[in-house]
Amino acid sequence: MSQQGERVDVVVVGAGAAGAALTWRLANHGVNVVCLEQGGWVTPESIPSLTPQWERARARSHHPNPNIRKNAWDYPIDDADSAIRPLMYNAVGGSTIAWGAHFPRLRPCDFAVHSLDGVGVDWPIGYDDLAAYFEVNDAMMTVAGLAGDPGNPPRGPRPCPPLPLGAGAQRIAAAYNRLGWHWWPVDAAILTGTDPHRSPCNFCGPCDLGCPRGARSSTDITYWHQAIAAGAQLRTQSRVVKITSVPGRATGVDYLDADGNLCHQPADHVVMAGNGVGTARLLLLSADDWCPDGLANSSDQVGRNLMHHPTGMVTGVFREDLQGYEGPFATSIVSQEFYETDSSRGFVRGFQAQTIRSDGPLGTALGGYLPRIPWGRDHHTQFDRQFGHTASITVTTEDLPNPSNRVTLSPDITDSWGVAAPKINYQVEQRCADTIAFGIERNTEVLLAAGAHEILSLPLVESAGFHLLGTARMGEDAASSVVDGQCRAHDAQNLWIVDGSVFPTSGAVNPTSTIQAIALRAADCLAEQPMLIGVLDA
Amino acid sequence: MREEHLVAVLNAVIPARGSLAAAGDLGLSHEVLQDARDGSAIDQILAVLHELPADFDSLSPDDQQPMLLEIETRQPENFATLVNMVYTAYYSHGEVLAALSGRTGYNPGAPQPTGYVMEPFDESLLASVKQMPPLWRQVN
Numbered sequence: 143m144s145q146q147g148e149r150v151d152v153v154v155v156g157a158g159a160a161g162a163a164l165t166w167r168l169a170n171h172g173v174n175v176v177c178l179e180q181g182g183w184v185t186p187e188s189i190p191s192l193t194p195q196w197e198r199a200r201a202r203s204h205h206p207n208p209n210i211r212k213n214a215w216d217y218p219i220d221d222a223d224s225a226i227r228p229l230m231y232n233a234v235g236g237s238t239i240a241w242g243a244h245f246p247r248l249r250p251c252d253f254a255v256h257s258l259d260g261v262g263v264d265w266p267i268g269y270d271d272l273a274a275y276f277e278v279n280d281a282m283m284t285v286a287g288l289a290g291d292p293g294n295p296p297r298g299p300r301p302c303p304p305l306p307l308g309a310g311a312q313r314i315a316a317a318y319n320r321l322g323w324h325w326w327p328v329d330a331a332i333l334t335g336t337d338p339h340r341s342p343c344n345f346c347g348p349c350d351l352g353c354p355r356g357a358r359s360s361t362d363i364t365y366w367h368q369a370i371a372a373g374a375q376l377r378t379q380s381r382v383v384k385i386t387s388v389p390g391r392a393t394g395v396d397y398l399d400a401d402g403n404l405c406h407q408p409a410d411h412v413v414m415a416g417n418g419v420g421t422a423r424l425l426l427l428s429a430d431d432w433c434p435d436g437l438a439n440s441s442d443q444v445g446r447n448l449m450h451h452p453t454g455m456v457t458g459v460f461r462e463d464l465q466g467y468e469g470p471f472a473t474s475i476v477s478q479e480f481y482e483t484d485s486s487r488g489f490v491r492g493f494q495a496q497t498i499r500s501d502g503p504l505g506t507a508l509g510g511y512l513p514r515i516p517w518g519r520d521h522h523t524q525f526d527r528q529f530g531h532t533a534s535i536t537v538t539t540e541d542l543p544n545p546s547n548r549v550t551l552s553p554d555i556t557d558s559w560g561v562a563a564p565k566i567n568y569q570v571e572q573r574c575a576d577t578i579a580f581g582i583e584r585n586t587e588v589l590l591a592a593g594a595h596e597i598l599s600l601p602l603v604e605s606a607g608f609h610l611l612g613t614a615r616m617g618e619d620a621a622s623s624v625v626d627g628q629c630r631a632h633d634a635q636n637l638w639i640v641d642g643s644v645f646p647t648s649g650a651v652n653p654t655s656t657i658q659a660i661a662l663r664a665a666d667c668l669a670e671q672p673m674l675i676g677v678l679d680a
Numbered sequence: 065m066r067e068e069h070l071v072a073v074l075n076a077v078i079p080a081r082g083s084l085a086a087a088g089d090l091g092l093s094h095e096v097l098q099d100a101r102d103g104s105a106i107d108q109i110l111a112v113l114h115e116l117p118a119d120f121d122s123l124s125p126d127d128q129q130p131m132l133l134e135i136e137t138r139q140p141e142n143f144a145t146l147v148n149m150v151y152t153a154y155y156s157h158g159e160v161l162a163a164l165s166g167r168t169g170y171n172p173g174a175p176q177p178t179g180y181v182m183e184p185f186d187e188s189l190l191a192s193v194k195q196m197p198p199l200w201r202q203v204n
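Read top to bottom, the protein sequences are chains A and Z. Per the numbering used here, residue 143 is the first one in the first sequence, and the count goes up by one each step. Per the numbering used here, residue 65 is the first one in the second sequence, and the count goes up by one each step.
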């Protein structure tokens, strides 16, 4: 027997980057909105960077891979047939709880790759449609950076000053200058200025574990307090198991509360914000008589076109002690010298080169972003050469839609409530491999120019499945896409999808800034829709 | 499984050097086994140990290492799991972190609340980049 909640204007599924931004915006429009989140709040006291065992926590209890972490709030992912391991975090704040906070925007060209370069598909919206929302979001996420980057369209003054470079990034920046190549300090969602409720960054390093100072932004500390103050409801430990529907319309959601009770939340609009794996899983789980292949799936595109950002990594080993473990791990400088298409390279599209600092002792030994330190008699010698002496540069490539790369429901694996887990089938396309090979050569040039005496490289970082995109893509054509340019499902006009699953293509940059801008824009579109309280009941 | 075998394997994976003890001599075998049980990897560890000869712990390091390399070739995933667990236990151990601190100046404690002091960004480094024309394509 399910427990029936009181009808609301909007129910949002997922309290991460997109769900938080959208809920905040809706609440400020006066919309009666409730958000259901399968996880709970992460308290500052529980963050592992307060303990000497922080690296062990990163390798186990706070690993970004839910299959390793196995929190009670997580669901397993069947990734045996995936070349890249999907990562996510389930809690208030979603994967912004366990991220590096690098905060670039997609470029204008990223929205029109088919028109410009003859690959992928065009988006039904462009950069200009999101420009104002980028600025709102940057203020909410307290972005540190510097305006004036010639690599990107003009943007407003950054809310906070840029992060320090550290010795490694300084050498790399100087090398870029000698080569005459582009670089710029990153936009990072990290507080480097002042805030009455948060302490500024003190450069401790492991942003991905969370930030007990509240300096590294996550939506639990940026958006959620303000959303709740504006009237939004947030129900934690509420795992949505089905979007209920009648032909052409969503009617609400069924969810399990913390005690396993099946509850129903009726709503005039349902918004999915569960990331590119979770949202596709739930749409497929929501099959019904009128939609036997899954909700909003008449196009057969739900779950298809899964995109990551296949990433290679080049590491320079320096004789000098760079103390590379100091400073936010993923955020210092970025180069977009090779971002745009140059047909002379033999492939279209390009890559982002993001400088990465080095790791603590355990991270250095285990590798992952660089090769593992060998075991055996040479172990200590190799460890000493690398620990604190490295700086790395990513080759972050643009993934393009491939219908065979997809999320389905696992026939074998279920979550703790017996609900089918998502299964991932994913392969890296040759164009990405070619881009990575080219990028490794260019990054090697940079690191040698920076003074590195040894170069290590990985052609694919298997554990870099941070970005889950494309599985419910937007488009004008209902036969080949799941939502329209406003993020409204073609098959159910009161069902909205606002997370990374709506990306038709991926760009070659971290997507969170763009995801949140899309969510804010969708909130404004949704707020203009007539609320239907009582209509369906009548 | 003989515990002496596991200790010997750990010592071969991370031998002693200077002030740094070998992984087995540091008493990490129980921790590795517990970690394996918690992570449902105990069968992988036992599969590696099962291939060792009965006198493995009495062999010299020069004889042990090639044997382990052969097992790594035959069981790459199982051996990688073992190495992951040995590294995790070793580089989380207070004595190891203290020794590293003594050699490198690395702070072996918690990253917070101390953090690090870093020089602020020097915008003059961007002088030449600021002279570049726009590098992004206009799209209509």
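Don't be surprised by glycine CBs; every beta carbon is placed ideally from N, CA and C.
**Message:** Is the separation between the beta-carbon of A:S441 and that of A:V624 shorter than 8 angstroms?
**Reply:** By 1-based counting over the first sequence, the position of residue 441 of chain A is 299. By 1-based counting over the first sequence, the position of residue 624 of chain A is 482. The answer is yes: Cβ separation under 8 angstroms.
**Asked** So, is A:T361 buried or exposed, given that buried needs 16 or more other C-beta atoms within 10 angstroms?
**Response** For the purposes of this step, residue 361 of chain A is identified with residue 219 of the first sequence, where counting begins at 1. Its Cβ being crowded by 16 or more others within 10 Å, A:T361 is buried.
**Prompt:** Who pairs with A:W638 in a beta bridge, going by DSSP?
**Reply:** Numbered from its first residue, the first sequence carries residue 638 of chain A at position 496. Its beta-bridge partners are A:V413 and A:R630.
**Prompt:** Hey, A:G268 and Z:V193: beta-carbon distance below 8 angstroms or not?
**Reply:** Walking along the first sequence from the start, residue 268 of chain A turns up at place 126. Walking along the second sequence from the start, residue 193 of chain Z turns up at place 129. No, these two residues do not count as a Cβ contact at 8 angstroms.
**Asked** In three-state DSSP terms, what is A:P564?
**Response** Taking the first residue of the first sequence as position 1, residue 564 of chain A is located at position 422. In the structure shown, A:P564 sits in a strand (DSSP, three-state: E or B).
**Item:** Bridge partner(s) assigned by DSSP for A:P503
**Value:** Within the first sequence, the letter at position 361 stands for residue 503 of chain A. For A:P503, which the question treats as bridged, DSSP gives no partner whatsoever.
**Request:** Would you list, in chain order, the members of the stretch 190-202 of chain Z that have their beta-carbon closer than 9 angstroms to a beta-carbon of chain A?
**Result:** L190, A191, S192, V193, K194, Q195, M196, P197, P198, L199, W200, R201 and Q202
**Prompt:** Taking all protein chains shown into account, do 16 or more other C-beta atoms lie within 10 angstroms of the C-beta of A:A680, making it buried, or fewer, making it exposed?
**Reply:** Working through the first sequence from its first residue, we reach residue 680 of chain A at position 538. Bear in mind that the predicted position of A:A680 carries a pLDDT of just 36, short of 50, making it unreliable; the figure below should be weighed with that in mind. A:A680 should be labelled exposed.
**Asked** Can the beta-carbon of A:I332 be found closer than 8 angstroms to that of A:A357?
**Response** Translated into the one-based positions of the first sequence, residue 332 of chain A becomes position 190. Translated into the one-based positions of the first sequence, residue 357 of chain A becomes position 215. Yes, they are a contact pair.
**Message:** According to DSSP, A:D337 sits in a beta bridge with which residue or residues?
**Reply:** The sequence position of residue 337 of chain A within the first sequence is 195, counting from 1. In the DSSP output, where bridge partners are listed per residue, A:D337 has A:R340.
**Prompt:** Roughly how many angstroms separate the alpha carbons of A:C574 and A:S144, rounded to a whole number?
**Reply:** In the first sequence, the residue the question calls residue 574 of chain A occupies position 432. In the first sequence, the residue the question calls residue 144 of chain A occupies position 2. Straight-line Cα distance between these residues: approximately 48 angstroms.
**Asked** Got a sec, what are the start and stop residues for the alpha helix (DSSP H) A:D271 sits in?
**Response** Taking the first residue of the first sequence as 1, we reach residue 271 of chain A at position 129. That run of the alpha helix (DSSP H) goes Y269 to M282.
**Prompt:** What residues in its chain sit with their C-beta under 6 angstroms from that of Z:L116, if we drop five residues either side in the sequence?
**Reply:** Indexing the second sequence from 1 puts residue 116 of chain Z at position 52. Around Z:L116: H69.
**Prompt:** With 8 angstroms set as the bound, which would you pick, yes or no: does the beta-carbon of A:R663 sit closer than that to a beta-carbon of chain Z?
**Reply:** On the first sequence, residue 663 of chain A is found 521 positions in, with the first residue counted as 1. Output row for A:R663: interface = no.
**Asked** Is A:D526 helix, strand or coil when you go by DSSP?
**Response** Taking the first sequence and counting its residues from 1, the one referred to as residue 526 of chain A is at position 384. Reduced to three states, the DSSP call for A:D526 is helix.
**Asked** How about the stretch 166-185 of chain Z and the stretch 186-195 of chain A: do they share at least three Cβ pairs that are nearer than 8 angstroms?
**Response** yes
**Request:** Please work out which residues of its chain come closer than 7 angstroms, Cβ to Cβ, to A:N544, disregarding the five sequence neighbours upstream and downstream, and give them in chain order.
**Result:** Locating residue 544 of chain A in the first sequence gives position 402, counting from the first residue. So the list reads N447 and E571, once near-sequence residues are dropped.
**Request:** Flag A:Q195 as yes if its beta-carbon sits less than 8 angstroms from any beta-carbon of chain Z, otherwise no.
**Result:** Start at 1 with the first residue of the first sequence, and residue 195 of chain A comes out as number 53. At least one chain Z Cβ lies under 8 angstroms of A:Q195.
**Message:** Among the candidates Z:P125, Z:D127, Z:A72 and Z:S83, whose CA atom is the shortest distance from the CA of Z:G166?
**Reply:** Within the second sequence, the letter at position 102 stands for residue 166 of chain Z. If we check each option's Cα against that of Z:G166, Z:S83 comes out closest.
**Prompt:** Among A:R198, A:G418, A:D221 and A:A400, which residue has its Cα nearest to the Cα of A:G502?
**Reply:** The count along the first sequence starts at 1 and reaches residue 502 of chain A at position 360. Checked all of A:R198, A:G418, A:D221 and A:A400; the closest Cα to A:G502 is A:R198.
**Nonlocal neighbours in the same chain, by C-beta distance under 8 angstroms from A:D280, ignoring five residues either side** = In the first sequence, the residue the question calls residue 280 of chain A occupies position 138. Hits under 8 angstroms: F245, R297, G298, R300, P301, D329 and S655.
**Message:** Less than 8 angstroms between the C-beta atoms of A:A650 and A:T538, yes or no?
**Reply:** In the first sequence, counting from the first residue as 1, residue 650 of chain A sits at position 508. In the first sequence, counting from the first residue as 1, residue 538 of chain A sits at position 396. Yes, they are a contact pair.
**Request:** Jot down the residue ranges of each uninterrupted alpha helix (DSSP H) in the stretch 382-464 of chain A, minimum 4 residues, whole runs only, in chain order.
**Result:** 417-427
**Request:** Determine the contact status of A:A472 and A:N585, defining contact as a CB-CB distance below 8 angstroms.
**Result:** Stepping through the first sequence from its first residue, residue 472 of chain A is reached at position 330. Stepping through the first sequence from its first residue, residue 585 of chain A is reached at position 443. Not a contact, by the Cβ cut-off of 8 angstroms.
**Supposed contact pair Z:A80 and Z:L132 - C-beta distance, whole angstroms, cut 8 angstroms** = Here residue 132 of chain Z corresponds to residue number 68 of the second sequence, with the count starting at 1. Here residue 80 of chain Z corresponds to residue number 16 of the second sequence, with the count starting at 1. With a Cβ gap of about 17 angstroms, Z:L132 and Z:A80 do not count as contacting.
**Asked** So is A:W265 buried or exposed if we call it buried at 16+ other beta carbons inside 10 Å?
**Response** By 1-based counting over the first sequence, the position of residue 265 of chain A is 123. So A:W265 counts as buried.
**Asked** Alpha carbon to alpha carbon, how far is A:V176 from A:S500?
**Response** Start at 1 with the first residue of the first sequence, and residue 176 of chain A comes out as number 34. Start at 1 with the first residue of the first sequence, and residue 500 of chain A comes out as number 358. Their Cα atoms are separated by approximately 41 angstroms.
**Item:** As assigned by DSSP and simplified to three states, the class of A:G581
**Value:** Position 439 of the first sequence, counted from the start, is the residue given in the question as residue 581 of chain A. Helix.
**Asked** Since A:Q478 meets chain Z, which of its residues come closer than 9 angstroms, beta carbon to beta carbon?
**Response** For the purposes of this step, residue 478 of chain A is taken as residue 336 along the first sequence, with counting starting at 1. Chain Z residues near A:Q478: L199 and W200.
**Prompt:** Is A:L610 helix, strand or coil by DSSP?
**Reply:** For this step, residue 610 of chain A is matched to residue 468 along the first sequence. DSSP places A:L610 in coil when its eight states are reduced to three.
**Request:** Report the option in Z:V181, Z:S188, Z:E187 and Z:G91 whose CA atom is closest to the CA atom of A:P342.
**Result:** One-based indexing of the first sequence puts residue 342 of chain A at position 200. Taking only the C-alpha atoms, the option nearest A:P342 is Z:V181.
**Prompt:** Are there 16 or more other CB atoms within 10 angstroms of the CB of A:D463, so buried, or fewer, so exposed?
**Reply:** Position 321 of the first sequence holds residue 463 of chain A. Looking at its Cβ environment, which holds fewer than 16 other Cβ atoms inside 10 Å, A:D463 is exposed.
**Request:** With DSSP as the reference, please indicate the residues paired to A:Q146 in a beta bridge.
**Result:** On the first sequence, residue 146 of chain A is found 4 positions in, with the first residue counted as 1. In DSSP, A:Q146 forms a bridge with A:H406.
**Request:** Would you tell me roughly how many angstroms separate the C-alpha atoms of A:V395 and A:G402, rounded to the nearest one?
**Result:** Here residue 395 of chain A refers to the residue found at position 253 of the first sequence. Here residue 402 of chain A refers to the residue found at position 260 of the first sequence. Each residue's alpha carbon lies about 15 angstroms from the other.
**Message:** If you measure between the beta carbons of A:A606 and A:R391, is that distance less than 8 angstroms?
**Reply:** Residue numbering aside, residue 606 of chain A sits at position 464 when the first sequence is read from its first letter. Residue numbering aside, residue 391 of chain A sits at position 249 when the first sequence is read from its first letter. No, these two residues do not count as a Cβ contact at 8 angstroms.
**Request:** Return no unless some Cβ of chain A is closer than 8 angstroms to the Cβ of Z:G179.
**Result:** Working through the second sequence from its first residue, we reach residue 179 of chain Z at position 115. For Z:G179, the answer is yes, since a Cβ of chain A falls inside 8 angstroms of its Cβ.
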